[in-house]
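Colleague: Pasting a structure here, questions to come.
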Amino acid sequence: MRSMAKKHTPLVAANWKMHPKSVGAAKKLFLEIRNGVKKEKRPVHVMVAPPTPFLSDLQRLSPSGSIALGAQSVFHEAQGAYTGEVSVPMLKSVGATQVIVGHSERRALGDTDTEIAQDLVAALKQNMTAILCIGEQKRDSHGHHFNIVEEQLRSAVAHIPKTKVKQMVVAYEPIWAIGTGQNATGEDIEEMRLFIQKLLSDTFGRKAADAVRVLYGGSVNKKNAADILEKTSVNGFLVGGASLRAAEFVEIVKITAEHHAKA
Ligand code: PGA
C-alpha cells in the first residue's frame with residue numbers, strides 16, 4: 099500500500115470557507131502561505147480555495163501557479179438564469195483549476211446527491227481537478243458509516259466518464275471531525291481509505307482507481323499531521339481551520355512533503 103500511494107505527489111489543500119473578511123486580508127494570508135511554501139523544495143502540491151470573490155486577486159499573486167487555486171463549490175450549468183450560482187468556465191476564467199465538490203457544509207445547506215453528481219461531472223469534463231468530499235455524520239459499532247460513505251461515493255461518481263476518474267480526488271472528511279478539534283484516528287482513516295479505493299476499483303477498475311488521490315480532512319493541524327501520515331497511506335489533506343493560520347498551514351505542507359520524500 100505504501101508504495102502504491104508513494105507514486106502520487108501529495109496534495110495539501112486549504113479550504114478557507116467563508117474567511118477572511120476582506121480581499122486585503124485574503125491577499126495577506128495568501129502571500130504568507132506562498133512565501134512559506136516557496137521554501138519547500140521537496141515534491142508537494144498546494145491548493146488554496148478562497149471565497150470566490152477573491153480568486154482573481156489571488157491569481158495575480160501566484161502567476162507561476164506554484165499554488166493552485168480552487169473554488170469551494172460550483173454549479174453544473176455553464177451560464178443562465180441561476181441566481182447566485184457560479185459555473186466552471188467562470189471559475190476557470192479567474193484562475194481556479196480545482197474545485198471542492200460536495201463539502202458537508204454545502205450538503206447541510208441543501209446540496210443534494212444528484213446536484214453533487216452533476217457538479218462533479220461538469221468540473222471533470224471541463225478538465226478541472228475535483229475534490230469530492232464524503233464522510234459520515236457519526237460512527238457506530240455496526241459500521242453504518244461505511245454504508246453512508248458508500249452511498250455518497252457511488253451516487254457522486256455514477257455518471258463520470260472513466261477517462262476523467264484520474265482528475266478526481268476524494269477527501270474523506272467525517273463530519274464529526276470537522277472543526278471540532280477531534281480528528282479521526284490513523285487506523286480509522288486507513289480503513290476508510292482502503293474501502294474508498296476498493297469501491298472505486300469495483301466501479302472503474304484497479305488502474306483508474308489507483309490514479310485517484312485520497313485525502314483526509316477533519317481537524318488536521320501541525321500536531322496531528324505527521325501521525326496521520328505515518329499510520330495511513332492518504333495522499334495529503336484538506337485543511338480548514340488551520341489553513342487560516344499561514345505558519346501552521348505551511349508547517350503541514352512541510353510535514354507532508356517530508357513524509358513523502360522519506361516514504
Ligand atoms: P477543519 O475543516 O480542518 O477546520 O476541520 C476541514 C474541512 O471542512 O474541509
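If you use this note's numbering, the sequence shown corresponds to residues 99 to 361, in order.
Using N, Cα and C, we set each Cβ at its ideal position, and we do this for glycine too.
Does the distance from the C-beta atom of S253 to that of A215 stay below 9 Å?
Modeller: For S253 and A215, yes; Cβs fall inside 9 Å.
Colleague: Taking Cβ positions, are I198 and A269 nearer each other than 9 Å?
Modeller: Yes, the Cβ-Cβ distance between I198 and A269 is below 9 Å.
Colleague: Output the distance between the C-alpha atoms of S317 and V135, rounded to the nearest integer angstrom.
Modeller: When rounded, the distance between both Cα atoms is 21 Å.
Colleague: Is V337 near ligand 1, going by C-beta to nearest heavy atom under 8 Å?
Modeller: Under cutoff, so the answer is yes.
Colleague: Can you look up K260 in the DSSP assignment and give me helix, strand or coil?
Modeller: Here K260 sits in helix by DSSP.
Colleague: So the candidates are D217, S341, A361; which of them puts its Cα closest to the Cα of V110?
Modeller: Among D217, S341, A361, the Cα nearest to that of V110 belongs to S341.
Colleague: Mind pulling the alpha helix (DSSP H) runs of 4 or more residues that sit fully within the segment 305-337?
Modeller: Correct list: 323-329.
Colleague: By the 10 Å Cβ neighbour count, where 16 or more other Cβ atoms means buried, how is D364 classified, buried or exposed?
Modeller: The requested residue 364 is not part of the displayed model; the chain covers only 99 to 361.
Colleague: Provide the residue span of the beta strand (DSSP E) that contains Q196, from first to last.
Modeller: Counting along the chain, the beta strand (DSSP E) containing Q196 begins and ends at 194-199.
Colleague: Going by Cα to Cα distance, which pick from L251, I350, E271 is closest to V263?
Modeller: If we check each option's Cα against that of V263, L251 comes out closest.
Colleague: So is the beta-carbon of H240 under 8 Å away from any non-hydrogen atom of ligand 1?
Modeller: No, ligand 1 has no heavy atom inside 8 Å of this Cβ.
Colleague: So the candidates are V219, K296, E248, A282; which of them puts its Cα closest to the Cα of K260?
Modeller: Nearest option by C-alpha distance: V219.
Colleague: Closer than 7 Å by C-beta to V348: which residues in its own chain qualify, once you throw out the five before and the five after it? Chain order, please.
Modeller: Cβ within range, chain order: I131, G134, V135.
Colleague: Which residue spans inside the segment 206-245 form an unbroken beta strand (DSSP E) run of at least 3?
Modeller: Listed in chain order, the complete beta strand (DSSP E) runs (minimum 3 residues) inside the segment 206-245 are 227-232.
Colleague: Once you ignore the five residues that flank R237 on each side, which residues in its own chain have a CB closer than 6 Å to its CB?
Modeller: Hits under 6 Å: H243.
Colleague: Got a sec? Which residues, its chain only, sit under 6 Å from I165 by beta carbon, not counting five neighbours each side?
Modeller: Correct list, in chain order: R132, V144, V146.
Colleague: Alpha carbons only, please: which of I294, K223, H240 is nearest the one belonging to E249?
Modeller: If we check each option's Cα against that of E249, I294 comes out closest.
Colleague: Given this structure, state the Cα-to-Cα distance separating Q224 from Q196, to the nearest angstrom.
Modeller: Those two C-alpha atoms are separated by around 11 Å.
Colleague: With DSSP run on the structure shown, which of helix, strand or coil describes G168?
Modeller: Three-state result, G168: strand.
Colleague: Just to confirm, is the Cβ distance from G233 to V247 under 9 Å?
Modeller: In contact: G233 and V247 (Cβ atoms closer than 9 Å).
Colleague: Is it the case that the CB of V201 approaches a heavy atom of ligand 1 more closely than 8 Å?
Modeller: Sequence check: residue 201 is His here, not Val. Yes, the beta carbon of H201 sits closer than 8 Å to at least one heavy atom of ligand 1.
Colleague: Pull the bridge partners of Y270 from the DSSP assignment, please.
Modeller: DSSP lists I232, Y314 as partners of Y270.
Colleague: I need the straight-line Cα distance from T107 to G163, nearest angstrom please.
Modeller: Using only the alpha carbons, I get a separation of about 16 Å.
Colleague: Just to confirm, does V318 get its C-beta within under 8 Å of one of the non-hydrogen atoms of ligand 1?
Modeller: For ligand 1, at least one heavy atom lies less than 8 Å from the Cβ of V318.
Colleague: Inspect the beta-carbon positions of H174 and S160 and report whether they are closer than 9 Å.
Modeller: Result no, Cβ atoms of H174 and S160 do not sit closer than 9 Å.
Colleague: Classify L207 as buried or exposed, calling it buried when 16 or more other Cβ atoms lie within 10 Å of its own Cβ.
Modeller: With fewer than 16 Cβ atoms within 10 Å of its Cβ, L207 is classed as exposed.
Colleague: Under 9 Å, do E203 and V351 count as touching if we go by C-beta distance?
Modeller: Contact flag unset, no.
Colleague: Whole angstroms are fine: how far does the CA of G122 sit from the CA of V267?
Modeller: Approximately 30 Å, taken between the alpha carbons.
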